[in-house]
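Since the structure comes first, as structure tokens, the remarks are kept for the end.
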Amino acid sequence: MSVNVQSMTSAEVALQRLQDLEARVATILRAQQGDKAALTDPVERVKAEAQKCLSARFKWVEPTYYDKSLEERATILRCHPRQLTKSLLFKGNAGSEAADSSGAAPVYMMVIVQYLAKINLKLLQEVGNALLAGRQGQKRLSFALAPDEEGLALTGFPHNGVSPFGSLCRVPMVLSSAIAELPEQFLWMGGGHTDLKIGVSVQDLVRALNAHVADVSEPRDDEE
Numbered sequence: 001m002s003v004n005v006q007s008m009t010s011a012e013v014a015l016q017r018l019q020d021l022e023a024r025v026a027t028i029l030r031a032q033q034g035d036k037a038a039l040t041d042p043v044e045r046v047k048a049e050a051q052k053c054l055s056a057r058f059k060w061v062e063p064t065y066y067d068k069s070l071e072e073r074a075t076i077l078r079c080h081p082r083q084l085t086k087s088l089l090f091k092g093n094a095g096s097e098a099a100d101s102s103g104a105a106p107v108y109m110m111v112i113v114q115y116l117a118k119i120n121l122k123l124l125q126e127v128g129n130a131l132l133a134g135r136q137g138q139k140r141l142s143f144a145l146a147p148d149e150e151g152l153a154l155t156g157f158p159h160n161g162v163s164p165f166g167s168l169c170r171v172p173m174v175l176s177s178a179i180a181e182l183p184e185q186f187l188w189m190g191g192g193h194t195d196l197k198i199g200v201s202v203q204d205l206v207r208a209l210n211a212h213v214a215d216v217s218e219p220r221d222d223e224e
């Protein structure tokens, strides 16, 4: 009697998928019970935290996604270019290398801004100081983009995959007021992997992450 190799392979694949699903559910349950180390996969961390958002949607994109224009990316995600956003990690210190080496630990915050906008550093400084000044005994903080290696260590996310959901370290979240005022009330951002995007409503994001809505950006003429 011959053996149906194709049938066996399909069954094995189905079993593997079931085992993967069971393992995923188990890690999420452990994380919900306080075992943060259970979720080592960046994508799983994002999905675990984003489950608090009923509006959350995930979409895998092609590796050539970032080679395309904003209009083309928006078409892929079936949205308007103004709904495309990125999450930037900013580092605040006392404003000089001497102060940074004095023993006072730097502080961080994540800012969500549209691709069609750019950070207004003057506004960002005011918002950052209102949120974080005094945490390390510093009267005034100066903010700049955190180096890539610090961003990876603190968030656990790769370049172009940074998400406000599932970060390894909790930092204050700032949502640009321009995003909060979108007519669609929905935005897309990184999902923990360069090729994964997550979409969520403004209301869900603010509630789930306790995000601060603030005026920190201004329109830009060029694409990034």
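Just so you know, we're using full-length UniProt numbering here: the sequence shown kicks off at 1 and counts up by one. Where a beta carbon is used, it is the ideal one built from N, C-alpha and C, also for glycine.
**OP:** Look at the alpha carbon of residue 209 and the alpha carbon of residue 173, and state the distance between them as a whole number of angstroms.
**Re:** For the purposes of this step, residue 209 is identified with residue 209 of the sequence shown, where counting begins at 1. For the purposes of this step, residue 173 is identified with residue 173 of the sequence shown, where counting begins at 1. Between residue 209 and residue 173, the C-alpha separation is close to 7 Å.
**OP:** In angstroms with no decimal places, state the Cα-to-Cα distance between residue 69 and residue 139.
**Re:** The residue given as residue 69 occupies position 69 in the sequence shown. The residue given as residue 139 occupies position 139 in the sequence shown. Using only the alpha carbons, I get a separation of about 42 Å.
Subject >> Straight-line Cα distance separating residue 86 from residue 162 >> reply: Sequence index remark: in the sequence shown, residue 162 carries index 162 (1-based). Sequence index remark: in the sequence shown, residue 86 carries index 86 (1-based). Going from the Cα of residue 162 to the Cα of residue 86 covers about 8 Å.
Subject >> Best match in 79, 90, 221, 214 for proximity to residue 200 [C-alpha to C-alpha] >> reply: Within the sequence shown, numbered from 1, the residue matching residue 200 stands at position 200. That would be 79, whose Cα lies nearest to the Cα of residue 200.
Original post:
residue 88 to residue 57, Cα distance in whole Å?
Top reply: Residue numbering aside, residue 88 sits at position 88 when the sequence shown is read from its first letter. Residue numbering aside, residue 57 sits at position 57 when the sequence shown is read from its first letter. In a straight line, the C-alpha of residue 88 is about 21 Å away from that of residue 57.
**OP:** Could you please give the first and the last residue of the uninterrupted alpha helix (DSSP H) stretch that includes residue 47?
**Re:** Taking the first residue of the sequence shown as position 1, residue 47 is located at position 47. Per DSSP, residue 47 belongs to the alpha helix (DSSP H) from 42-50.
Original post:
Are the beta-carbon atoms belonging to residue 164 and residue 109 less than 8 Å from one another?
Top reply: By 1-based counting over the sequence shown, the position of residue 164 is 164. By 1-based counting over the sequence shown, the position of residue 109 is 109. No, Cβ-Cβ distance for residue 164 and residue 109 is not below 8 Å.
**OP:** Could you check if residue 188 is buried or exposed, using at least 16 other CB atoms within 10 Å of its CB as the buried criterion?
**Re:** Mapped onto the sequence shown, residue 188 falls at position 188. The C-beta of residue 188 has 16 or more other C-beta atoms within 10 Å across all chains shown, which makes the residue buried.
**OP:** Could you give the DSSP three-state label for residue 142: helix, strand or coil?
**Re:** Locating residue 142 in the sequence shown gives position 142, where the first residue counts as 1. It is a strand residue.
Subject >> Start-to-end residues for the alpha helix (DSSP H) that takes in residue 294 >> reply: Missing from the structure shown is residue 294; the chain here goes from 1 to 224 and no further.
Subject >> DSSP three-state assignment for residue 129, whether helix, strand or coil >> reply: Residue numbering aside, residue 129 sits at position 129 when the sequence shown is read from its first letter. Helix, per DSSP.
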